[in-house]
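Enquirer:
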Amino acid sequence: MRSLPRPRTVPPPRLLLPAALVLALAACTMEPQYQRPAAPVPSAWPEGAAYRTPQAKTASGAAQPGQPAQPAGPSAADLGWRDVFIDPQLRQLIELALANNRDLRMATLAIDESRALYQIQRAAQFPTVEGNAGMVSQRLPQRLRATGQPAQITTYNAGIGLTAFELDFFGRVRSLKHAALEEYMATEEARRSAQISLVAEVADAYLTLRADRELLKLSQDTLKTQQDAAEMVRRGRQVGAMAQLDQHRAQTQVETAQVGVEQYTRQVAQDENALALLIGGPLPKSVTDAGAAATNPNVPAQDPLDARTLVSEFPEGLPSSVLVRRPDILDAEHRLKAANANIGAARAAFFPRISLTGALGVASSSLAGLFSGGMAWVFAPQLTVPIFDAGRNRAGLDAANVRKDINVANYEKTIQTAFREVADSMAARATYERQVQAQEALVREGSETRRLSEMRFKNGVDDYFGVFDAQRHLYTAQQALITYKLAGLTSRVSLYKALGGGWREVTEAAPAANGGARQAPAARPQAAAQPQAAARPQSVAQPQAVAQTQAVAPTQAAAQPQAAAQPQAPAQSPAAAQPAPVAATPR
């Protein structure tokens, strides 16, 4: 006989409705949907004579201002600093700075703190279960006893309990966790910004040191030349061939050159001290030995500021694909998302809060019979409904909205600041290249003028005043050439930093043009690692609940200003005013 199928058990309708209501409330959130603000910058870099370099760089993948970038080659943000800074001594200094710099170490420790705060907020989503054991001994007076006799009662208990677990029906706890996550991610991006700034500061300080060493050697050579000239004038004065005025002019040139020697001796010492602070220790022997050789008159003269041996060229790209790659941009966006999540928590404060407290265990009047006694339990759900708070919740929501508006304004300002930084650096790089070429021609003409003046003096055509004047102008032109070369090199460093480069050690392939989620890094950099290990710092590991950061699309988005407390670079600003045509003028 064929058996009939058993009817399926259907839950009573009265149980389905509460279950559906609980599930719906558990998925509820008061957090507003995040929308990235539009970037208030043009879609292309500025155009004009100030941005045109002497040679186009389209072959390497870069583009002239206003033109689309070529697809070949990685962007500046993907270039490792080892591929941009090609001087071996500079690479060694950057390695030491990444291993020992205290500012970078503090930024790394701030990530640890932010991660811990996120874990604290994340733990609020789960119940807290605690074990407890105790003894209660009390004496009851006779009036509280049915027998009319006082008594002492002792109770032993042990068990586990659930302490005030909040059922997050309206998303308050989830919003706070989301805000803590975004703050943690912002701190990680801030560390990357600190590393980019540190790499640029070390490069600027090193280039400034090399320039000041060259200025010191120029001053020493000029002093020797002026001393020889003054001696010649003195001998001519003794035989009556030179006037007393010529002798005073010659001595004036000697003292002027001596002032320059002392000035640049001081500058070199201060540059070395600033560089030692950045790398967190004494300068390597290779750097100090190079300084001794640079100021040794017996060492053949070389160009210490040759860009081909110091800082390589790199493509600029377009604002839409460059600015969004900067760590300070991602920092700004994460903080904006955190402010957006806090609005959800402020909204949830207007709704009821349900918390559960319970305990389960055993109790006995004697310690020996504790675990053979009876079972004891407590279950105490609590519903809290805001009725009157004198406007506290409304003020909290208003404050959350204002904080979001502040972050939006800060985010937009960051975009504009980043765009200006890149545009200024591009203009500085292009104009300084042309200015160095013109100044080199001026130095050549000055050298020829001095040579002809000396010939005219030796042939008796002119007095020695023409030689003095030619030497003074040549010295000033040579000083200015070194200053402009330094400014041109530091403008390249500034452009590399403004484009978001410096946080990688070696070049990696650029991400797809359509963006995508950025995978969470694997490990935190060790602040006190050896130079070789610290040269490639890695970002901090994501918390367990987070596998990826929010997707960042390369639209016209955005950047945040650099952290306000960054250490000030000792290097001279590339945009500094041109030196006045006076020898040994303090910078």
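FYI, the numbering for the sequence shown is -26 to -1, 1 to 561, going by mature numbering (1 follows the signal peptide of the UniProt record, and there is no 0).
For every residue, glycine included, the Cβ atom is placed at its ideal position computed from N, Cα and C.
Computed from a predicted model, the values in this text were never measured in an experiment.
Quick test of the definition: if touching needs 3 or more C-beta pairs under 8 Å, does the stretch 358 to 378 touch the stretch 433 to 443?
Expert: Counting Cβ pairs under 8 Å, fewer than three are found: no touch.
Enquirer: Excluding the 5 residues preceding and the 5 following Thr137 in the sequence, name in chain order all residues of the same chain whose CB lies nearer than 7 Å to its CB.
Expert: Contacts found: Thr102, Glu104 and Thr331.
Enquirer: Would you check if the distance between the CB atom of Thr481 and the CB atom of Leu53 is smaller than 8 Å?
Expert: It is a contact, given that the beta carbons lie within the stated cut-off.
Enquirer: Among the residues of its own chain, which have a CB less than 7 Å from the CB of Val352, if the five just before and after it don't count?
Expert: Only Gly332 and Ala333 meet the Cβ criterion.
Enquirer: Could you check the C-alpha separation between Glu21 and Ser193 for me, to the nearest Å?
Expert: For Glu21 and Ser193, the distance between alpha carbons rounds to 40 Å.
Enquirer: For Leu114, name the three-state secondary structure that DSSP assigns.
Expert: The answer is strand: DSSP assigns Leu114 an E or B state.
Enquirer: Below 8 Å between beta carbons: does that hold for Gly210 and Ala71?
Expert: Their beta carbons are not under 8 Å apart, which means Gly210 does not touch Ala71 by this criterion.
Enquirer: From the DSSP output, read off the bridge partner residues of Gln356.
Expert: Answer is Ser329.
Enquirer: Would you mind working out which of Leu455, Arg430, Thr391 and Lys432 sits nearest Arg418, comparing C-alpha positions?
Expert: Closest by alpha carbon: Leu455.
Enquirer: Name the one or two DSSP bridge partners that Gln126 has.
Expert: Paired residues: Arg113.
Enquirer: On a Cα-Cα basis, can you pick out the residue from Thr3, Arg394, Phe139 and Asp178 that is closest to Leu357?
Expert: Among Thr3, Arg394, Phe139 and Asp178, the Cα nearest to that of Leu357 is on Phe139.
Enquirer: Which residues in the same chain as Leu416 place their Cβ atom closer than 6 Å to its Cβ, once the five residues preceding and following it in sequence are excluded?
Expert: Excluding sequence neighbours, Leu416 sits near Ala451.
Enquirer: Rank Lys378, Leu197 and Arg403 by C-alpha distance to the C-alpha of Gln7 and give the top, closest one.
Expert: Cα-wise, what sits closest to Gln7 is Lys378.
Enquirer: Using DSSP's beta-bridge definition, name the partner residues of Arg285.
Expert: The question names Arg, yet the displayed sequence has Val at residue 285. Per DSSP, Phe59.
Enquirer: Touching or not, the stretch 278 to 287 and the stretch 334 to 347, by the rule of three or more beta carbon pairs under 8 Å?
Expert: Contact between the stretch 278 to 287 and the stretch 334 to 347 is absent, because fewer than three Cβ pairs lie under 8 Å.
Enquirer: Please go through the stretch 332 to 405 and give each complete beta strand (DSSP E) segment of 3 or more residues, from N-terminal end onward.
Expert: If we require 3 residues or more, the beta strand (DSSP E) runs fully inside the stretch 332 to 405 come out as 348 to 358.
Enquirer: I believe Pro62 touches Ile170 by the beta-carbon criterion, under 8 Å. Please report the beta-carbon distance rounded to the nearest angstrom.
Expert: With a Cβ gap of about 21 Å, Pro62 and Ile170 do not count as contacting.
Enquirer: Compare the C-beta of Ala18 against all C-beta atoms of chain B and say whether one is closer than 8 Å.
Expert: No chain B is present in this structure, which holds just one protein chain.
Enquirer: Cα separation between Glu414 and Leu297?
Expert: Distance between the alpha carbons of Glu414 and Leu297: 35 Å.
Enquirer: Which of the three DSSP states is assigned to Leu257 in this structure?
Expert: Coil.
Enquirer: Residues in the same chain with beta-carbon distance under 6 Å from Val176, minus the five sequence neighbours each way, listed in chain order, please.
Expert: Correct list, in chain order: Leu67, Ile68, Ala71 and Leu252.
Enquirer: Could you tell me which of Pro14, Met4, Thr3 and Glu5 sits nearest to Val382, measuring between CA atoms?
Expert: Selected option, being the one with the closest Cα: Pro14.
Enquirer: Using beta-carbon positions only, say whether Phe288 and Tyr470 come within less than 8 Å of one another.
Expert: Yes.
Enquirer: Where do the ends of the alpha helix (DSSP H) carrying Phe439 lie?
Expert: Unbroken alpha helix (DSSP H) run through Phe439: Phe439 to Ala472.
Enquirer: Sort out for me which residues DSSP pairs Gly133 with in a bridge.
Expert: Answer is Asn106 and Gly335.
Enquirer: According to the neighbour-count rule (16 or more other Cβ atoms, all chains shown, within 10 Å of its Cβ), is Asn75 buried or exposed?
Expert: Buried is the call here.
Enquirer: Phe100 to Ala154, Cα distance in whole Å?
Expert: If you take the alpha carbons of Phe100 and Ala154, they lie about 16 Å apart.
Enquirer: Mapping the DSSP letters down to three states, classify Ala138 as helix, strand or coil.
Expert: Of the three classes helix, strand and coil, the one that applies to Ala138 here is strand, per DSSP.
Enquirer: For the alpha helix (DSSP H) containing Pro301, list its first residue and its last residue.
Expert: Pro301 -> alpha helix (DSSP H) spans Pro301 to Ala322.
Enquirer: Do you know offhand how far residue 573's Cα is from Met216's?
Expert: The shown model of the chain, from -26 to 561, leaves out residue 573, and the question about it has no answer.
Enquirer: Measure from the alpha carbon of Leu78 to the alpha carbon of each residue in Tyr92, Arg166, Arg425 and Gln116, then state which is nearest.
Expert: For Leu78, the nearest C-alpha among the options comes from Arg166.
Enquirer: Terminal residues of the continuous alpha helix (DSSP H) containing Arg478?
Expert: Unbroken run through Arg478: none, as it is neither H nor E.
Enquirer: Going by beta-carbon coordinates alone, are Val173 and Gly476 separated by less than 8 Å?
Expert: Closer than 8 Å, so yes.
Enquirer: Quick one, which of Ala350, Phe442, Arg117 and Gly265 has its alpha-carbon nearest Asp202's?
Expert: Residue Phe442 is the option with its Cα nearest to Asp202.
Enquirer: For the alpha helix (DSSP H) containing Leu183, list its first residue and its last residue.
Expert: Arg146 to Gln212 is the span of the alpha helix (DSSP H), which, as asked, contains Leu183.
Enquirer: Answer yes if the stretch 91 to 98 comes into contact with the stretch 141 to 158, meaning at least three C-beta pairs across the two stretches below 8 Å, and no otherwise.
Expert: A contact exists between the stretch 141 to 158 and the stretch 91 to 98.
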